[in-house]
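Before any comments, here is the structure.
Residue numbers (this note's numbering): 149 to 271.
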């Protein structure tokens with residue numbers, strides 16, 4: 149299945165290039181332009197972690213990958229454990245889906261509120 153294929157690929161990257169310590173990806177299945185589900189995967193220390201799955205009504209897909217990367221960097225710099233890292237990154241990404249345009253003016257509090265639901269964005 150899709151998730152297991154991603155996980156295996158991430159672990160293979162780390163095996164092939166031992167200096168790579170972290171691999172992360174958004175996994176999304178798009179049902180229509182506005183309807184999709186999103187989750188995130190992280191490989192670190194030989195383990196894989198999956199974030200919550202969000203069923204999203206997409207307002208704007210622009211910069212959601214940037215938000216994922218920024219969320220992952222924030223979580224890494226603040227020493228989150230691996231599961232919290234991927235939860236934070238995917239929460240930041242799906243929150244951006246609800247914001248029109250390129251500019252993503254969200255706060256740590258906003259991302260943590262999405263993390264707390266584990267299933268959606270209430271906006």
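Beta carbons are placed, not taken as given, at the ideal position from N, Cα and C, and that holds for glycine.
Next on the checklist: For residue 182 and residue 205, what's the separation of their Cα atoms in angstroms?
Outcome noted: Counted from its first residue, the chain shown places residue 182 at position 34. Counted from its first residue, the chain shown places residue 205 at position 57. Each residue's alpha carbon lies about 5 Å from the other.
Checklist entry - From residue 262 to residue 176, what does the alpha carbon distance come to, in whole angstroms? => result If you number the chain shown from 1, residue 262 lands on position 114. If you number the chain shown from 1, residue 176 lands on position 28. If you take the alpha carbons of residue 262 and residue 176, they lie about 17 Å apart.
Checklist entry - Within 10 angstroms of its Cβ, does residue 241 collect 16 or more other Cβ (buried), or is it exposed? => result Indexing the chain shown from 1 puts residue 241 at position 93. Buried.
Item to check | First and last residue of the uninterrupted beta strand (DSSP E) at residue 174 | outcome: Your numbering for residue 174 matches position 26 in the chain shown. Unbroken beta strand (DSSP E) run through residue 174: 170-178.
Checklist entry - Looking at residue 199 and residue 238, is the spacing between their C-beta atoms short of 8 Å? => result If you number the chain shown from 1, residue 238 lands on position 90. If you number the chain shown from 1, residue 199 lands on position 51. Cβ distance < 8 Å, so residue 238 and residue 199 count as in contact.
Checklist entry - Going by the CB atoms, is the gap between residue 174 and residue 161 shorter than 8 Å? => result Indexing the chain shown from 1 puts residue 161 at position 13. Indexing the chain shown from 1 puts residue 174 at position 26. Going by C-beta atoms, residue 161 is not nearer than 8 Å to residue 174.
Item to check | Strand pairing of residue 263, partner residues [DSSP] | outcome: By 1-based counting over the chain shown, the position of residue 263 is 115. Answer by DSSP bridge pairing: none, since residue 263 is not bridged.
Checklist entry - Anyone know if the C-beta pair for residue 190 and residue 151 falls short of 8 Å? => result Taking the first residue of the chain shown as position 1, residue 190 is located at position 42. Taking the first residue of the chain shown as position 1, residue 151 is located at position 3. Result no, Cβ atoms of residue 190 and residue 151 do not sit closer than 8 Å.
Checklist entry - When DSSP labels each residue in this structure, what does residue 156 get in the three-state scheme? => result Residue numbering aside, residue 156 sits at position 8 when the chain shown is read from its first letter. If DSSP states are grouped into helix, strand and coil, residue 156 belongs with the helices.
Item to check | Residue from 194, 156 and 209 with nearest C-alpha to residue 251 | outcome: Taking the chain shown and counting its residues from 1, one reaches residue 251 at position 103. Of the candidates 194, 156 and 209, the one whose C-alpha sits nearest the C-alpha of residue 251 is 209.
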